[in-house]
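K.L.:
What follows is a structure written as structure tokens; I'll ask about it next.
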Amino acid sequence: MTFTFKQRSILPGFGLSLGFTILYLSLIVLIPLSATFLKTSSLTWAQFWHVVTAPRALASYRLSFGASAIAAFINLVFGLLVAWVLVRYSFPGRRLLDSLVDLPFALPTAVAGIALTAIYSTNGWIGHYLQPLGIKAAYSRLGVVIALTFTGLPFVVRTVQPVLEDLDKEMEEAAASLGAGRWQTIRRVLFPAVMPAALTGFAMAFARAVGEYGSVVFISGNMPMRTEITPLLIITKLEQYDYAGATAIAVVMLIVSFALLLTINLLQVWGGRREKTRPALEGPPIPVQAQA
Amino acid sequence: MKSSLRLWVLVAMFSLILGTVTPTRAYQGETTLLNVSYDPTRELYQDYNAAFAKYWKAKTGKSVTIQQSHGGSGKQARAVIDGLEADVVTLALAYDIDAIAEKASLLPKDWQSRLPNSSSPYTSTIIFLVRKGNPKNIKDWDDLVKPGVSVITPNPKTSGGARWNYLGAWGYALKKSGGDESKARDFISKLYKNVPVLDSGARGSTTTFVERGIGDVLIAWENEVLLGAKDLGENKFDIIAPRLSILCEPTVSLVDKVVDKKGTRAVAQGYLEYLYSPEGQEIVAKRYYRPRSELVAKKYASQFPKVKLFTLAEIVGDWQKTQKIHFADGGVFDQVYQPNQ
């Protein structure tokens with residue numbers, strides 16, 4: 001071997017496994033993605049800018065990223081709740097409920113889209129209750145959020161669940177016995193432990209939602225400027241054999257998504273570091289005067 | 001022990017990679033044709049393929065198997081451009097086959113002049129489906145732009161078939177105003193303002209109209225409405241034919257580079273030509289496409305509503321021009337949705 005790393009791990013197989021990892025990632029992720037950038041490079045800067053800043057494109061970014069963020073946030077809040085219920089309580093049907101969480105992964109998204117539209121359209125089960133209230137669920141931006149919430153549901157639950165399972169109940173009891181109120185226990189003991197995992201789940205749900213196409217096109221109504229998501233705009237361009245234009249928009253999505261995911265990751269690192277500087281597990285986590 | 005494991009992993013990896021790139025040849029016993037088509041021709045080609053195989057066997061003594069691929073017209077064309085080895089393509093609009101000629105050079109640019117009727121062996125038209133009893137009293141295109149009428153049609157930018165819907169409306173408005181384009185633009189704008197949902201494909205629109213119960217009228221291809229009339233629920237809908245509509249001309253072509261490579265030119269050519277034969281035209285008519293043969297057309301005349309038809313050439317020109325004016329980014333269709341309007 002011509003190059004060696006300074007700190008060789010005592011685990012064998014580093015060269016082989018790293019080599020395979022890089023080959024694998026290249027074949028599956030890096031090469032297809034670089035093809036996207038390559039295809040875009042057939043446009044001049046001016047053309048690229050014109051395509052990616054068209055009013056319709058801008059409207060679609062707002063919808064795609066906005067609705068994805070809202071959906072991921074909903075999933076963050078309710079995902080935490082679902083994970084909590086599944087881990088901390090035992091009740092009949094818990095296992096069944098647990099496996100239900102994964103269904104959005106398994107269902108073809110088009111089926112999900114059609115099913116959600118059937119339920120939320122004005123003559124659907126839920127939709128016809130919403131209509132008198134003036135809420136139009138299917139064929140509106142709300143419909144987009146509903147579909148994206150559905151597809152992103154498992155992420156937060158599945159990332160938070162193992163962390164909660166590892167978290168000893170005794171820690172909460174200790175916090176309580178040291179005088180922490182309920183809210184304090186949640187805020188100072190549970191949240192710091194669960195937050196990194198929850199953020200990961202949020203990021204994954206968000207990323208998944210940004211790229212989602214199959215379920216959204218059925219429920220959104222696809223009206224230009226109003227309910228048109230960015231992936232649909234890409235398909236529209238492809239339908240005109242405008243490969244360069246399609247990939248230009250894809251590149252914008254990639255860059256924005258990457259930037260957002262990186263930010264979330266940095267947030268996590270930052271949160272993790274702050275966590276380590278505090279002797280959270282050794283000393284009493286709550287200053288006693290907080291009780292006074 | 002350790003190194004032999006490493007060797008095995010390497011061998012496994014290589015065979016995996018080799019396995020994916022080495023072409024697997026189908027067995028050579030008989031000729032196989034791949035017909036890459038669009039969605040609503042499924043039933044038509046099921047019947048036609050069986051008839052053709054019989055005919056070819058009788059004529060040449062050779063057996064032929066035809067494989068079918070169906071999907072959105074544009075998506076299918078892109079698959080062929082990207083390397084799907086289609087011997088023949090039978091798509092909803094000439095524009096999609098043009099794209100194969102232009103982007104991948106798999107066939108000559110003048111492909112449309114190689115077969116009769118501009119390579120369009122069967123046609124259809126655009127008609128309306130309304131709720132039973134026609135509560136909004138929809139008779140013709142003019143009724144679609146009235147305020148309060150909700151119209152369901154797919155997005156012409158994502159659905160090839162829906163471009164014919166759009167062009168039916170455009171042609172009607174143009175003919176009615178004596179060729180005044182600004183009036184036609186106005187008509188299109190009013191029409192699409194009445195569309196509450198723009199599905200990405202024709203199937204989606206049918207679901208929206210039939211299952212979701214949204215809209216007063218569905219703009220659709222005649223052959224699909226007639227073929228699907230039973231499935232849609234006969235006593236829930238009425239078929240309304242406008243006085244005037246467009247002649248939809250789906251086109252067919254050989255994919256020259258593929259048939260020459262596979263050595264299937266003769267049989268593929270025979271496959272397309274048989275579509276124009278009396279037997280071929282009968283099958284076409286039985287599946288509710290309008291046949292080109294006058295004799296067959298007369299025989300099946302009773303199953304088609306009486307509609308006066310105009311062609312795309314009369315109202316716009318060829319598909320390249322149509323695409324540029326109407327469906328390209330910033331075209332007439334996009335202007336309907338421009339925010340300042």
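Top line first, the protein sequences correspond to chains A and B. For the first sequence, my numbering begins at 1 and goes up steadily by one. For the second sequence, my numbering begins at 1 and goes up steadily by one. The beta-carbon is built from N, C-alpha and C at its ideal position, and this holds for glycine as well. Just so you know, these numbers come straight off a predicted model, no measurement behind them.
Taking 8 Å as the cut-off, does the segment 121-136 of chain A touch the segment 68-78 of chain A (at least 3 CB pairs, one atom from each stretch)?
P.N.:
Put simply, the segment 68-78 of chain A does not touch the segment 121-136 of chain A. Fewer than three CB pairs are less than 8 Å apart.
K.L.:
For residue 118 of chain A, go through chain B and note every residue whose CB falls closer than 8 Å to its CB, in chain order.
P.N.:
Within the first sequence, the letter at position 118 stands for residue 118 of chain A. In chain order: 211 and 212.
K.L.:
Please determine if the segment 222-229 of chain A and the segment 166-185 of chain A are in contact, where contact requires at least 3 C-beta pairs separated by less than 8 Å.
P.N.:
no
K.L.:
Does residue 239 of chain A have its Cβ less than 9 Å from a Cβ in chain B?
P.N.:
The sequence position of residue 239 of chain A within the first sequence is 239, counting from 1. Taking Cβ atoms only, chain B reaches closer than 9 Å to residue 239 of chain A, which makes this a yes.
K.L.:
Any beta carbon from chain A within less than 9 Å of residue 220 of chain B's own beta carbon?
P.N.:
In the second sequence, the residue the question calls residue 220 of chain B occupies position 220. No, because no Cβ of chain A sits closer than 9 Å to the Cβ of residue 220 of chain B.
K.L.:
Can you name the residues of chain B whose CB is closer than 9 Å to the CB of residue 236 of chain A?
P.N.:
As a working note, residue 236 of chain A is residue 236 in the first sequence. At a C-beta separation below 9 Å, residue 236 of chain A has these neighbours in chain B: 155, 157, 158, 200 and 329.
K.L.:
Could you tell me whether the segment 232-239 of chain A touches the segment 149-168 of chain B, using the rule of 3 or more Cβ pairs below 8 Å?
P.N.:
The segment 149-168 of chain B and the segment 232-239 of chain A touch, with three or more beta-carbon pairs separated by less than 8 Å.
K.L.:
Can you pull out the residues from the segment 196-225 of chain A whose beta carbon lies closer than 7 Å to at least one beta carbon of chain B?
P.N.:
217, 218, 221, 222, 223, 224 and 225
K.L.:
For residue 306 of chain B, which residues in chain D fall below 7 Å Cβ to Cβ?
P.N.:
This model lacks chain D altogether, as its protein chains are A and B.
K.L.:
Out of curiosity, what's the CA-to-CA distance linking residue 187 of chain B and residue 166 of chain B?
P.N.:
The sequence position of residue 187 of chain B within the second sequence is 187, counting from 1. The sequence position of residue 166 of chain B within the second sequence is 166, counting from 1. Spanning the two alpha carbons is a distance of roughly 11 Å.
K.L.:
Kindly indicate the opening and closing residues of the beta strand (DSSP E) around residue 238 of chain B.
P.N.:
The residue labelled residue 238 of chain B in the question sits at position 238 within the second sequence. Taken as a continuous stretch (DSSP letters only), the beta strand (DSSP E) holding residue 238 of chain B covers 237-240.
K.L.:
Determine the contact status of residue 76 of chain B and residue 98 of chain B, defining contact as a CB-CB distance below 9 Å.
P.N.:
Position 76 of the second sequence, counted from the start, is the residue given in the question as residue 76 of chain B. Position 98 of the second sequence, counted from the start, is the residue given in the question as residue 98 of chain B. By the CB criterion at 9 Å, residue 76 of chain B and residue 98 of chain B fall outside the cutoff.
K.L.:
Around the Cβ of residue 289 of chain B, are there at least 16 other Cβ atoms within 10 angstroms (buried) or fewer (exposed)?
P.N.:
Your numbering for residue 289 of chain B matches position 289 in the second sequence. Looking at its Cβ environment, which holds 16 or more other Cβ atoms inside 10 Å, residue 289 of chain B is buried.
K.L.:
Examine the Cβ distances between the segment 54-74 of chain A and the segment 208-223 of chain A and report whether three or more of them are shorter than 8 Å.
P.N.:
yes
K.L.:
Could you name the residues of chain B that residue 61 of chain A contacts, counting a contact when the two beta carbons are closer than 8 Å?
P.N.:
Counted from its first residue, the first sequence places residue 61 of chain A at position 61. Here the premise fails: no neighbours, minimum Cβ distance about 15 Å.
K.L.:
Curious, which full-length alpha helix (DSSP H) runs of at least 4 residues does the segment 66-102 of chain A contain?
P.N.:
94-100
K.L.:
Can you pull the DSSP bridge partners for residue 343 of chain B?
P.N.:
In this structure chain B extends from 1 to 341, so residue 343 of chain B is not present and cannot be described.
K.L.:
Spell out whether any CB of chain B is found under 9 Å from the CB atom of residue 162 of chain A.
P.N.:
Numbered from 1 along the first sequence, position 162 holds the residue referred to as residue 162 of chain A. By this cut-off, residue 162 of chain A is not an interface position.
K.L.:
Does the beta-carbon distance from residue 284 of chain B to residue 88 of chain B come in below 9 Å?
P.N.:
As a first step, residue 284 of chain B must be located in the second sequence, where it is residue number 284. As a first step, residue 88 of chain B must be located in the second sequence, where it is residue number 88. Cβ distance not < 9 Å, so residue 284 of chain B and residue 88 of chain B don't count as in contact.
K.L.:
Under the rule that 16 or more other beta-carbon atoms within 10 Å means buried, what is residue 46 of chain B, buried or exposed?
P.N.:
For this step, residue 46 of chain B is matched to residue 46 along the second sequence. Result: exposed.
K.L.:
For a cutoff of 9 Å on Cβ pairs, would you count residue 32 of chain A as touching chain B?
P.N.:
Taking the first sequence and counting its residues from 1, the one referred to as residue 32 of chain A is at position 32. No, because no Cβ of chain B sits closer than 9 Å to the Cβ of residue 32 of chain A.
K.L.:
For a test of the three-state rule: what should DSSP assign to residue 26 of chain B, helix, strand or coil?
P.N.:
Along the second sequence, one-based indexing puts residue 26 of chain B at 26. Low confidence applies to residue 26 of chain B: its pLDDT is 44, below 50, so where it sits in the model is not reliable enough to give any reading.
K.L.:
Could you tell me whether the segment 69-85 of chain B touches the segment 311-321 of chain B, where touching means 3 or more Cβ pairs closer than 8 Å?
P.N.:
In short, these stretches do not touch, since the Cβ pair count stays below three.
K.L.:
Starting from residue 128 of chain B and walking both ways along the beta strand (DSSP E), at which residues does that stretch end?
P.N.:
Taking the second sequence and counting its residues from 1, the one referred to as residue 128 of chain B is at position 128. Run containing residue 128 of chain B: 122-131, per the beta strand (DSSP E) assignment.
K.L.:
So, using beta-carbon positions, are residue 129 of chain B and residue 198 of chain B closer together than 9 Å?
P.N.:
Position 129 of the second sequence, counting from 1, holds the residue named residue 129 of chain B. Position 198 of the second sequence, counting from 1, holds the residue named residue 198 of chain B. Going by C-beta atoms, residue 129 of chain B is not nearer than 9 Å to residue 198 of chain B.
K.L.:
Using a Cβ cut-off of 8 Å, pull out every chain A residue sitting near residue 337 of chain B, in sequence order please.
P.N.:
Counted from its first residue, the second sequence places residue 337 of chain B at position 337. The answer, in chain order, is 56, 223, 224 and 225.
K.L.:
What is the rounded straight-line gap between the Cα of residue 125 of chain A and the Cα of residue 174 of chain B?
P.N.:
Within the first sequence, numbered from 1, the residue matching residue 125 of chain A stands at position 125. Within the second sequence, numbered from 1, the residue matching residue 174 of chain B stands at position 174. Taking the straight line joining both Cα atoms gives about 43 Å.
K.L.:
Is it a yes or a no for the segment 206-217 of chain B touching the segment 111-120 of chain B, going by three-plus beta-carbon pairs under 8 Å?
P.N.:
Judged by Cβ distances under 8 Å, the segment 206-217 of chain B makes no contact with the segment 111-120 of chain B, as fewer than three pairs qualify.
K.L.:
Closer than 7 Å by C-beta to residue 169 of chain B: which residues in its own chain qualify, once you throw out the five before and the five after it? Chain order, please.
P.N.:
Against the second sequence, residue 169 of chain B aligns to sequence position 169. For residue 169 of chain B, where only same-chain residues beyond five positions count, the Cβ hits under 7 Å are 141, 187, 188 and 191.
K.L.:
Looking at the C-beta of residue 66 of chain A, does it have a partner C-beta in chain B at a distance below 9 Å?
P.N.:
What you label residue 66 of chain A is simply residue 66 of the first sequence in a count that begins at 1. For residue 66 of chain A, the nearest beta carbon of chain B is not closer than 9 Å to its own beta carbon.
K.L.:
Quick check: the Cα distance between residue 312 of chain B and residue 235 of chain B, rounded to an integer number of angstroms?
P.N.:
For the purposes of this step, residue 312 of chain B is identified with residue 312 of the second sequence, where counting begins at 1. For the purposes of this step, residue 235 of chain B is identified with residue 235 of the second sequence, where counting begins at 1. Going by the C-alpha atoms only, they are around 34 Å apart.
K.L.:
Where does the unbroken beta strand (DSSP E) through residue 303 of chain B begin, and where does it stop?
P.N.:
Within the second sequence, residue 303 of chain B is the residue found at index 303, counting from 1. No beta strand (DSSP E) holds residue 303 of chain B; DSSP gives it neither H nor E.
K.L.:
Over the uninterrupted alpha helix (DSSP H) stretch that includes residue 319 of chain B, give me the two end residues.
P.N.:
Working through the second sequence from its first residue, we reach residue 319 of chain B at position 319. For residue 319 of chain B, the enclosing alpha helix (DSSP H) begins and ends at 319-322.
K.L.:
Please report the distance separating the alpha-carbon of residue 48 of chain A from that of residue 253 of chain A.
P.N.:
Mapped onto the first sequence, residue 48 of chain A falls at position 48. Mapped onto the first sequence, residue 253 of chain A falls at position 253. Each residue's Cα considered, the two are about 13 Å apart.
K.L.:
Run through the DSSP bridge pairs and tell me what residue 66 of chain B is partnered with.
P.N.:
Within the second sequence, residue 66 of chain B is the residue found at index 66, counting from 1. In DSSP, residue 66 of chain B forms a bridge with B:33.
K.L.:
So with Cβ pairs under 9 Å, would you call residue 114 of chain A a contact of chain B?
P.N.:
To locate residue 114 of chain A, count along the first sequence from 1; it is residue 114. Judged by the 9 Å Cβ criterion, residue 114 of chain A is in contact with chain B.
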